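Colleague: Residues 78 to 304, numbered by our numbering, are exactly what the sequence shown covers, in order. Backbone N, C-alpha and C define an ideal beta-carbon position, used for all residues, glycine too. Computed from a predicted model, the values in this text were never measured in an experiment. Here it is, the structure in full.
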Amino acid sequence: MTKTAFDTWLINGNITIFFGSHPDSFKKDILASSLLSDLIAEKKSSNRLTSWPTYKNTVRNIGWTTNRQTSRRLEFESTSLLKITKQSVGSALLEDEQQTLANAIKQMALLQPESVELMTIIRKLESNAVKSDTPTTTVTSTAALLTIIRSNKTVITQQLAFTTNHALSVDLFDQPVLSSINDRQTNSWQLHSLLDERHYSQIRDDVLKKLGQNIESKLMHILAPTA
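Written as C-alpha cells, this is what we have:
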C-alpha cells in the first residue's frame, strides 16, 4: 500500500490535515478561509452544535463549493477519536487515505501532555463543552471539528459530538475514553466541498484583512515528533 504524506495544522484549535502534496498558496487559502469561518461561527455561539450552520454558510460565501452534506447519529461507547473518525469518514476515503488519516491521528496521540499544541486542542474542546457532575465523576460533552483536504483538493469537514467521564487529555486520540451522548440526537455532521480558487482570489485580500493578526496567532503547524 502506498504511504501518503500528510501535513497537520490547528485552525483556532480545530484539527486540519492535508493529504499528499499541495502548493503552499492553496494551503494558505484553505487555512485562512477556514479560520475566518470558525472565528465568525465562534462569535455567533460558543456551542459547537449551534455554530455549525454559521460555519457552513460562511465557508460557502467565501468560496467553498458544496458537493454534498450529511448528518446522522453514530452509536459508540468506550472508544477513541481515531476509531470514531474512521467510522464516520472512512467510507468517503480510499484505503490508503484511511491509513493516512490513522497515521495523522496517531501522530496527535504522541503530543506531549503540556505541549502548546495539545493545550490548544483541549482549550477548544473545553470552550464548547457542557459539564455535569455525578457522585463519582464529572461528565464532559463536547464536539470536535476535523477538516481533511484530500490529494485531489476535495475538502471533507467533519464535526463529531461525544461525551467522556475522563479529563480531556491526549488520551482522547487513541484510548477508549469517548462515548456517544445519550440523547438520541444527531452527533455527526459532514460537509464535502471544493475551494473555488478563482472566486477566492478575488476576495483573498479582504479575508486576510479581516483576519489581521489572527492569521499568526490562531494557526499552528504540528510537526512530526522528533526521536
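If contacts are defined as beta-carbon pairs under 8 Å, then Leu202 and Ala221 qualify, I think. What distance do you get, rounded to the angstrom?
Modeller: Counting from 1 along the sequence shown, the entry for residue 202 is found at position 125. Counting from 1 along the sequence shown, the entry for residue 221 is found at position 144. Right, the Cβ-Cβ distance comes to about 6 Å (below 8 Å), so this counts as a contact.
Colleague: Assign Gln252 to one of three DSSP states: helix, strand, or coil.
Modeller: Your numbering for residue 252 matches position 175 in the sequence shown. In this structure, Gln252 counts as coil in the three-state DSSP scheme.
Colleague: Short of 6 Å in beta carbon distance, which residues of its chain neighbour Ser122, apart from the five on each side in sequence? Order them along the chain.
Modeller: Taking the sequence shown and counting its residues from 1, the one referred to as residue 122 is at position 45. Closer than 6 Å at the Cβ level, and outside the excluded window around Ser122, lie Ser128.
Colleague: Taking the C-alpha atoms as reference points, what is the distance between Ser294 and Glu152?
Modeller: Taking the sequence shown and counting its residues from 1, the one referred to as residue 294 is at position 217. Taking the sequence shown and counting its residues from 1, the one referred to as residue 152 is at position 75. Whole-angstrom Cα-Cα distance: 36 Å.
Colleague: Quick check on Thr306: buried or exposed, where buried means 16 or more other Cβ atoms within 10 Å of its Cβ?
Modeller: Any property of residue 306 remains undetermined from this structure, which presents the chain solely from 78 to 304.
Colleague: How would you label Ala82, buried or exposed, when you count the other beta carbons within 10 angstroms and need 16 or more for buried?
Modeller: Here residue 82 is taken as the residue at index 5 of the sequence shown, counted from 1. So Ala82 counts as exposed.
Colleague: Find out if the Cβ-Cβ distance for the pair Leu296, Ile88 is shorter than 9 Å.
Modeller: Taking the sequence shown and counting its residues from 1, the one referred to as residue 296 is at position 219. Taking the sequence shown and counting its residues from 1, the one referred to as residue 88 is at position 11. Yes, these two residues count as a Cβ contact at 9 Å.
Colleague: If you check the beta carbons only, do Thr219 and Leu188 fall under 9 Å apart?
Modeller: Position 142 of the sequence shown, counted from the first residue, corresponds to residue 219. Position 111 of the sequence shown, counted from the first residue, corresponds to residue 188. No, they are not a contact pair.
Colleague: On the criterion of 16 or more Cβ atoms from any shown chain inside 10 Å, does Leu171 qualify as buried, or is it exposed?
Modeller: Taking the first residue of the sequence shown as 1, we reach residue 171 at position 94. Looking at its Cβ environment, which holds fewer than 16 other Cβ atoms inside 10 Å, Leu171 is exposed.
Colleague: Could you tell me the distance, in whole angstroms, from the CA atom of Ser337 to the CA atom of Ile233?
Modeller: No answer is possible for residue 337: the residues shown for the chain start at 78 and end at 304.
Colleague: Mind reading off the beta-carbon distance from Ser157 to Pro253? Whole number of angstroms is fine, and I expect it under 8 Å.
Modeller: The residue labelled residue 157 in the question sits at position 80 within the sequence shown. The residue labelled residue 253 in the question sits at position 176 within the sequence shown. Right, their Cβ atoms sit about 6 Å apart.
Colleague: Would you please state the rounded distance, in angstroms, between the beta carbons of Trp86 and Ile299? I believe it to be under 8 Å.
Modeller: In the sequence shown, counting from the first residue as 1, residue 86 sits at position 9. In the sequence shown, counting from the first residue as 1, residue 299 sits at position 222. About 7 Å; that satisfies the 8 Å criterion.
Colleague: Under 8 Å by Cβ, that's how I've got Leu271 and Thr231 pegged, so tell me the actual separation to the nearest angstrom.
Modeller: Residue numbering aside, residue 271 sits at position 194 when the sequence shown is read from its first letter. Residue numbering aside, residue 231 sits at position 154 when the sequence shown is read from its first letter. Confirmed, about 6 Å.
Colleague: Here's the rule: buried if 16 or more other CB atoms are within 10 angstroms of the residue's CB, otherwise exposed. What is Arg227?
Modeller: What you label residue 227 is simply residue 150 of the sequence shown in a count that begins at 1. With 16 or more Cβ atoms within 10 Å of its Cβ, Arg227 is classed as buried.
Colleague: For Phe103, which of Arg275, Lys286 and Gly289 has the nearest alpha-carbon?
Modeller: Mapped onto the sequence shown, residue 103 falls at position 26. Of the listed residues, the one whose Cα sits closest to Phe103 is Arg275.
Colleague: Enumerate in chain order the residues of its own chain whose CB-to-CB distance from Met78 is below 8 Å, with the five nearest sequence positions on each side excluded.
Modeller: The count along the sequence shown starts at 1 and reaches residue 78 at position 1. Reliability fails at Met78, whose pLDDT of 46 lies under 50, so the model's placement of it is uncertain and no value is given.
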